[in-house]
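Numbers 1 to 116, taken from our numbering, label the letters of the sequence shown in order.
Input: a single structure, listed below in structure tokens.
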Amino acid sequence: MSSVTTEWNGDAAIAALEAEAPEAVNHAAELLRGDSVPLAPIDRGQLRASAQVTPATAGSLTAYVSYDTSYAARQHEELDWQHDEGQSKYLEGPLTENEAKYQQAIADRLGKALGT
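Structure below.
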């Protein structure tokens with residue numbers, strides 16, 4: 001009769017994931033910020049320069065990508081406005097188009113935390 005011995009490392013795996021999860025989410029948010037900035041309309045550059053990431057934390061695994069000008073939301077939503085450079089939906093577009101890329105970036109970071 002043969003026997004199999006297993007070793008449970010679940011607690012260590014959970015700890016590794018909990019430690020890496022905020023950083024993984026923040027990495028994906030930075031990728032989105034980087035993808036969206038070149039698409040933001042440019043006049044004097046204030047909109048693009050205002051792009052920021054509010055990072056995820058261990059207590060809240062949500063990161064926010066935002067633009068901090070008084071006109072950012074309107075520039076984003078006005079589909080009829082013409083821009084010499086940039087476009088409307090400069091944040092939503094990259095998020096939708098690159099969703100799989102951001103998910104994979106998170107998965108890769110979590111996989112590395114687990115040693116896979």
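All residues carry an ideal CB built from backbone N, CA and C; glycine is no exception.
This structure is a prediction, so every number in the text was calculated from the model and none was measured.
Cβ-Cβ distance between residue i and residue j below 8 Å
| i | j | result |
| --- | --- | --- |
| A105 | E20 | no |
| Y67 | A51 | yes |
| Y102 | L31 | yes |
| H83 | P41 | yes |
Cβ neighbour criterion (16 or more within 10 Å) applied to residue i
| i | result |
| --- | --- |
| G3 | A small correction: the amino acid at residue 3 is Ser; Gly does not occupy that position in the sequence shown. Burial call: exposed. |
| Q75 | buried |
| L79 | exposed |
| P38 | exposed |
| R48 | buried |
| A13 | exposed |
Range of the contiguous beta strand (DSSP E) that encloses residue i
| i | result |
| --- | --- |
| A51 | 51 to 54 |
| S125 | Nothing in the structure corresponds to residue 125, since the chain is present only between 1 and 116. |
| V65 | 64 to 67 |
Residue span of the alpha helix (DSSP H) that contains residue i, given as start and end
| i | result |
| --- | --- |
| Y102 | 99 to 113 |
Selection from the options that minimises the alpha carbon distance to residue i
| i | options | result |
| --- | --- | --- |
| Q58 | V25, T6, N9 | Looking at the sequence provided, one finds Ala at residue 58 rather than Gln. It is V25. |
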